[in-house]
Every structure is written in structure tokens, then in C-alpha cells.
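Position 261 of the sequence shown, counted from 1, bears residue number 242 in our numbering, the numbering being contiguous throughout. Let me begin by presenting the structure, written as C-alpha cells, before commenting on it.
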Amino acid sequence: MSAPTSHAQLTNVTVVIPVKNEATNLPVCLGRLEGFGKVVVVDSGSTDATCELAQDAGAEVLVFEWDGKFPKKRNWVLQTYTFTTEWVLFLDADEFVSEAFKAELAGVLQNTECVGFWLNYERWFLGKQLRHGDEFNKLALFRVGAGAYERIEENQWSALDMEIHEHPVLEGAIGEIRAPIEHNEYRGLHHYIAKHNEYASWEAERYLQLTGQRPEGGDLRAEDGDRDVRSSDGISTLKSQVSSLHPPLSVLTPRQQKKYRHLAKWWAAPVYFIRGYVLKGGFLDGAVGFHFALGKAIYFYQIRLKIRERSA
């Protein structure tokens, strides 16, 4: 295998990795980050060797204590940390960059007017790479000061202290880095299932907030909503504008509108399975492709059940 190539532009990028008990994944993630300007690990109460491993690898460790409200971990870093680079790249501990990604990123950053970039990810499940099925991409690289993650006031109705379904809202052109980042959870199926159970609870609670069925949970706001859908003053209160999941849902992006109209319907889970496994070719990944698509469909079914349970 060839030695890593030096790319000067990477020194202008700070990598931020939010973590909690990531001693298994973190060493692999950190081991791929040679050449970047700075690596910052944001920890929230790890009880394993996460912080020690990060420090031993030369990363700066920040301690985050969440009060159950805004901001969560990523926005907290953007608000409080003094960046010395022009760019920030957010990675999860189970996301591993490749030399191909670093080479493309360095080349793009030499001359770009974009303020952010969509990143592509290759999924691994049960030890095998998924080459088909639904695409996975995130807006996780942007200029420092160009924006922040959308604001959703939870008022302690979630145990998730990091932005999971919130997306960055940026002012300016958005590009794409095509070379993928490896997304490979090394902590096993137990952790994968537990994590998605938490995500399903979050989605169910947000659905109830959006539909006005959970007013006692506090305002759920999109103060930093997408440029093309938010109000003229940049602040839209979902509770006052959304009473049902019917058009126009002006405070949500078109993709979010579609998602929340169908989230509680019986067909959400089977439609997701058919799209990913059949229409997107997930069946070409064999048994692993089937298990992954079925697991995702079960996730959407969990959301529907949690909505029914909490609205009963």
C-alpha cells in the first residue's frame, strides 16, 4: 500500500468528532486524519478510555455537558470554540476518511467559492460493504462562520445530546466531494439496534410536536431553517404555524415535508423496504443487503408504533 500523500490544503481544516464511549471506533477514525490542521474530540461523559485515546493521538479534547436544551454538541462547538482554520469537517467516530477523500478534498479546497460540501459515505453492515441500496450523504464540511445546524428546541424530550437529524443551514453555494467516507460501526449489532431505538424515539416525539399533539413538551422551533423555506426574519415557530401535516408546511424543507406526512402511515416501512431493496438494487448485496433493508424498514415501523403509543 502506498504511503499517505501530503496535501497542504488539509491544514486549513479542523476535524471535529463528537463522542461518548467510542474507545472501539475512535482509534481507527483518528488514525486516518494525518495532515489535517487540527483534530478536536468533543466528549460528553465517556466512561471508557475515549478521552485518553484521543489525547494520546494528539487530539484536543473538549468536555460537553448538555442541559437537555439547545445547543447540542455540534452547535455548541460552533458557538464556543475558537477555530484557527477556515474549514470545519464534522465526523462521527465510526466514519473513516480515505486517502482518495483527502486527495479530492485538498484539490477542491485550492480554489472554490462554495461555503459547504455534501459528503458521500460507503456503508458497512455485518462486516460487509453495501454497494447498492439507498445513497447516504451528509452536509458535514463547511466554512467556519458560514452557518450552523438547524435549531430545534427539545425542552428535555430527548436523551440525544448531539444533532442527529438536524442539518447545517448555510448561506452560499454548496458543492460535493465524491470520494466516499467509510461508515463502519465496529461496536456490533447490539449498539446499532440500541442507537436506532433512540433515533426512533426522537422522530416520534418530533412528529407529535410538529402535529401539535405534544404542546407540553415545549416549543419545537426551526429558527435556523433552510433559506428557501424560513420566514423573512429567519425565525419560524413550528408550534404556531403547523397544526397538521398538510401543505404548505412552510417551516420545513420539501424533503422534511414529505417525510413527516407519511411517517405515521402504515405504508412507510414497506415502501422504504421496497425502495431500498428492490428499486435501488439492495438485493444485489445478497443476504446482508436484505438484512440491512429489513432493519431500516423495522426502524420506520418502530417510529409508527412509538407515535401511536405516545399519542394514545
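Even for Gly, the Cβ is constructed at its ideal location relative to N, Cα and C.
Determine the direct distance from the alpha carbon of threonine 31 to that of tyrosine 167, and round the result to whole angstroms. The count along the sequence shown starts at 1 and reaches residue 167 at position 186. The count along the sequence shown starts at 1 and reaches residue 31 at position 50. Their backbone Cα atoms lie some 14 Å apart in a straight line.
How far does the beta strand (DSSP E) with valine 21 in it extend, from its first residue to its last? If you number the sequence shown from 1, residue 21 lands on position 40. Where valine 21 is concerned, the enclosing beta strand (DSSP E) stretches over 19 to 24.
When you compare each of Tyr180, Asn101 and Leu59 to glutamate 157 by their alpha carbons, which one comes out closest? Numbered from its first residue, the sequence shown carries residue 157 at position 176. Taking only the C-alpha atoms, the option nearest glutamate 157 is Asn101.
For alanine 250, which three-state DSSP category applies? Indexing the sequence shown from 1 puts residue 250 at position 269. It is helical.
According to the Cβ coordinates, are alanine 181 and lysine 261 closer than 7 Å? Taking the sequence shown and counting its residues from 1, one reaches residue 181 at position 200. Taking the sequence shown and counting its residues from 1, one reaches residue 261 at position 280. It is not a contact, given that the beta carbons lie outside the stated cut-off.
Sequence-distant residues of its chain with Cβ nearer than 8 Å to valine 96 (five each side left out): Against the sequence shown, residue 96 aligns to sequence position 115. So the list reads Phe123, Arg124, Ala127, Gly128, Leu151, Glu152, Gly153, Ala154 and Ile155, once near-sequence residues are dropped.
Aspartate 266 beta carbon less than 7 Å from that of leucine 107: Taking the first residue of the sequence shown as position 1, residue 107 is located at position 126. Taking the first residue of the sequence shown as position 1, residue 266 is located at position 285. It is not a contact, given that the beta carbons lie outside the stated cut-off.
Alpha-carbon spacing of arginine 291 relative to valine 58, whole angstroms: If you number the sequence shown from 1, residue 291 lands on position 310. If you number the sequence shown from 1, residue 58 lands on position 77. Distance between the alpha carbons of arginine 291 and valine 58 is about 33 Å.
Distance between phenylalanine 51 and alanine 203 (C-alpha atoms, nearest Å): Here residue 203 corresponds to residue number 222 of the sequence shown, with the count starting at 1. Here residue 51 corresponds to residue number 70 of the sequence shown, with the count starting at 1. Any reading at alanine 203 is ruled out, since the residue's pLDDT is 36, under 50, leaving its predicted position unreliable.
Helix, strand or coil for alanine 129? Go by DSSP, reduced to three states. As a first step, residue 129 is located in the sequence shown; it is residue number 148 there, counting from the start. Three-state DSSP puts alanine 129 in a strand.
Give a yes or no on whether the minimum CB-CB distance between alanine 278 and chain D is below 7 Å. The structure shown contains no chain D, having only a single protein chain.
For the beta strand (DSSP E) containing threonine -5, list its first residue and its last residue. Locating residue -5 in the sequence shown gives position 14, where the first residue counts as 1. Where threonine -5 is concerned, the enclosing beta strand (DSSP E) stretches over -6 to 0.
Just list the residues that DSSP pairs arginine 124 with in beta bridges. What you label residue 124 is simply residue 143 of the sequence shown in a count that begins at 1. DSSP, once it has assigned bridges, lists Trp68 as partnering arginine 124.
Using alpha carbons as the reference points, say which of Asp29, Lys83, Gln60 and Leu11 lies closest to alanine -11. Taking the first residue of the sequence shown as position 1, residue -11 is located at position 8. The residue with the shortest Cα to Cα distance from alanine -11 is Lys83.
Within this structure, are the beta carbons of alanine 121 and phenylalanine 71 separated by less than 7 Å? Here residue 121 refers to the residue found at position 140 when the sequence shown is read from its first residue. Here residue 71 refers to the residue found at position 90 when the sequence shown is read from its first residue. In contact: alanine 121 and phenylalanine 71 (Cβ atoms closer than 7 Å).
What residue range does the beta strand (DSSP E) around proline 149 cover? Locating residue 149 in the sequence shown gives position 168, where the first residue counts as 1. Segment 149 to 151, the beta strand (DSSP E) holding proline 149.
Measuring only the C-alpha atoms, how far is glycine 12 from histidine 272? Translated into positions along the sequence shown, residue 12 becomes position 31. Translated into positions along the sequence shown, residue 272 becomes position 291. Computed Cα separation, rounded: 30 Å.
Where threonine -5 falls, given that 16 or more other Cβ within 10 Å makes a residue buried: The residue you call residue -5 lines up with position 14 of the sequence shown. The residue is buried, with at least 16 neighbouring Cβ atoms inside 10 Å.
Does the beta-carbon distance from tyrosine 258 to phenylalanine 281 come in below 7 Å? By one-based count along the sequence shown, residue 258 stands at place 277. By one-based count along the sequence shown, residue 281 stands at place 300. The answer is no: Cβ separation not under 7 Å.
By how many angstroms is the C-alpha of tryptophan 99 removed from the C-alpha of alanine 160? Working through the sequence shown from its first residue, we reach residue 160 at position 179. Working through the sequence shown from its first residue, we reach residue 99 at position 118. Those two C-alpha atoms are separated by around 11 Å.
If distances are taken between C-alpha atoms only, which option among Gly18, Glu116 and Arg55 comes closest to alanine 40? The count along the sequence shown starts at 1 and reaches residue 40 at position 59. Comparing Cα positions, the closest option is Gly18.
Which whole-angstrom value describes the C-beta separation of isoleucine 133 and glutamate 147, a residue pair presumed to lie in contact below a C-beta threshold of 8 Å? By 1-based counting over the sequence shown, the position of residue 133 is 152. By 1-based counting over the sequence shown, the position of residue 147 is 166. Yes, isoleucine 133 and glutamate 147 are in contact; Cβ-Cβ is about 6 Å, under 8 Å.
From tryptophan 68 to asparagine -7, what distance separates their C-alpha atoms? The sequence position of residue 68 within the sequence shown is 87, counting from 1. The sequence position of residue -7 within the sequence shown is 12, counting from 1. C-alpha separation (whole angstroms): 6 Å.
With 16 as the cutoff for other CB atoms within 10 Å, does glycine 26 come out buried or exposed? Here residue 26 corresponds to residue number 45 of the sequence shown, with the count starting at 1. Flag for glycine 26 reads exposed.
Is DSSP giving glycine 49 helix, strand or coil here? Here residue 49 refers to the residue found at position 68 when the sequence shown is read from its first residue. Note: glycine 49 maps to coil in three-state DSSP.
To which residues of the same chain is leucine 14 closer than 6 Å at the C-beta, ignoring the five residues directly before and after it? Position 33 of the sequence shown, counted from the first residue, corresponds to residue 14. Hits under 6 Å: Val(-4) and Val20.
If alanine 250 sits next to histidine 243, beta carbons under 8 Å apart, how far is it from one beta carbon to the other, in whole angstroms? The count along the sequence shown starts at 1 and reaches residue 250 at position 269. The count along the sequence shown starts at 1 and reaches residue 243 at position 262. With a Cβ gap of about 10 Å, alanine 250 and histidine 243 do not count as contacting.
What are the boundary residues of the beta strand (DSSP E) that includes proline 100? One-based indexing of the sequence shown puts residue 100 at position 119. Reading the sequence as shown, one finds leucine at residue 100 and not proline. Taken as a continuous stretch (DSSP letters only), the beta strand (DSSP E) holding leucine 100 covers 97 to 106.
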